[in-house]
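Structure first, then comments.
Residue numbers (my numbering): 425 to 690.
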């Protein structure tokens with residue numbers, strides 16, 4: 425069977441692949457090269473200094489910010505899986521006529537600058553601070569809004585790939601409640617979208633700076649700015665480690681999904 429006439433040639437695909445690889449590889453290679461400079465040549469002196477106990481005071485904000493960011497990532501993923509995903513399923517099953525309107529509202533945060541979002545959220549966070557405190561974990565409410573467009577598209581893509589109505593009706597006919605139907609019938613079929621939404625949420629939270637900075641909370645990115653004024657190599661090294669962490673997380677999630685799918689098929 426011949427390829428469609430509009431399909432790119434093998435040479436074109438190779439050129440596109442090389443260009444995309446260069447777009448990602450050149451900045452990363454430059455960061456690695458910069459982090460290895462020691463004034464006279466190249467060494468790991470800046471990498472080892474980051475974990476030297478004698479420099480613990482200098483780099484303490486980084487580890488505190490990293491812990492806060494990981495906590496925020498976990499809470500944001502819980503918000504996405506416990507609130508966003510069931511809401512998207514509900515709209516598709518019970519209110520299909522509202523899907524376009526719902527999609528428009530969900531995608532609004534991607535078109536609104538973060539600074540505008542913060543200005544609108546500032547009075548709300550004053551009330552939240554008086555009610556439940558000013559802990560850094562409360563930023564997860566704002567991050568839940570920030571990741572909403574990306575999580576929605578990932579989950580909706582999985583919903584479009586399955587016959588959601590037939591699955592839910594079959595489960596309900598067999599006597600399952602809505603909770604059982606959602607957790608044991610619908611969720612396993614939406615696993616790729618839920619994994620993608622979780623990964624995107626973690627990546628967005630680890631890279632967010634504007635909201636945390638203006639609302640006066642410490643996360644990884646604000647800590648990197650503070651430490652970067654004393655050690656310009658530390659932010660570069662931590663950024664590289666963040667990329668490695670995100671890549672490793674992607675591999676782990678992908679392998680877990682394939683292993684589970686293999687057991688299900690068997």
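Heads up, the beta-carbon is just placed ideally off N, CA and C, and yes, glycines get one too.
Here the structure is a predicted model, which means the values were calculated and not measured.
Just checking my contact of residue 574 with residue 624 at CB under 8 angstroms: how many whole Å lie between their CB atoms? 4 angstroms
Run the CB neighbour count on residue 626, radius 10 Å, all protein chains shown included, and call it buried at 16 or more, exposed below. buried
Among 565, 533, 555, 553, nearest to residue 499 - alpha-carbon criterion: 565
Should residue 526 go down as buried or exposed, given a rule of 16 or more other Cβ atoms within 10 Å for buried? buried
Could you tell me which uninterrupted alpha helix (DSSP H) segments, each at least 4 residues in length, are contained entirely in the stretch 588 to 670, listed from first to last along the chain? 588 to 597, 615 to 631, 634 to 638, 644 to 652
Those runs of the alpha helix (DSSP H) which lie wholly inside the stretch 426 to 471 and span at least 4 residues: 434 to 459
Residue burial classification, residue 632 (beta-carbon count within 10 angstroms, cutoff 16): buried
Just tell me which of 591, 637, 619 has its CA closest to the CA of residue 543. 637
With the cut-off set at 8 angstroms, would you say residue 549 and residue 639 are in Cβ contact? yes
Taking a contact to mean a Cβ-Cβ separation below 8 angstroms, would you say residue 497 touches residue 668 in this structure? no
Output needed for residue 591: all residues of its chain with C-beta closer than 7 angstroms, excluding positions within five of it in sequence on either side, in chain order. 609, 610, 613
Check for me: the alpha helix (DSSP H) holding residue 536 runs from which residue to which? Where residue 536 is concerned, there is no enclosing alpha helix (DSSP H), given that its DSSP letter is neither H nor E.
Since I believe residue 572 is in contact with residue 508 (beta carbons under 8 angstroms), could you give me their beta-carbon distance rounded to a whole number of angstroms? 7 angstroms
Can you tell me whether residue 506 is buried or exposed, with buried defined as 16 or more other CB within 10 angstroms of its CB? exposed
Pick helix, strand or coil for residue 502, following the three-state DSSP scheme. helix
Return the chain-ordered list of same chain residues with a C-beta closer than 6 angstroms to the C-beta of residue 531, the five sequence neighbours on each side being excluded. 573
Close-in-space but distant-in-sequence residues of the same chain around residue 467 (CB under 8 angstroms, 5 per side omitted): 460
Are there three or more Cβ pairs, one per stretch, closer than 8 angstroms when the stretch 644 to 654 is compared with the stretch 473 to 488? yes
With burial defined as no fewer than 16 other Cβ atoms inside 10 Å of the residue's Cβ, what is the status of residue 570: buried or exposed? buried
Can you tell me which of the three DSSP states residue 557 falls into? coil
Close beta carbons around residue 586, own chain, < 6 angstroms, minus the five adjacent residues each side: 613
Under three-state DSSP, which class holds residue 476? coil
Here's the rule I'm using: 16 or more other beta-carbon atoms within 10 Å means buried, otherwise exposed. How should residue 447 be labelled? exposed
Ordered along the chain, which non-local residues of its own chain (more than five positions away) have a Cβ less than 8 angstroms from that of residue 583? 512, 513, 516, 614, 617
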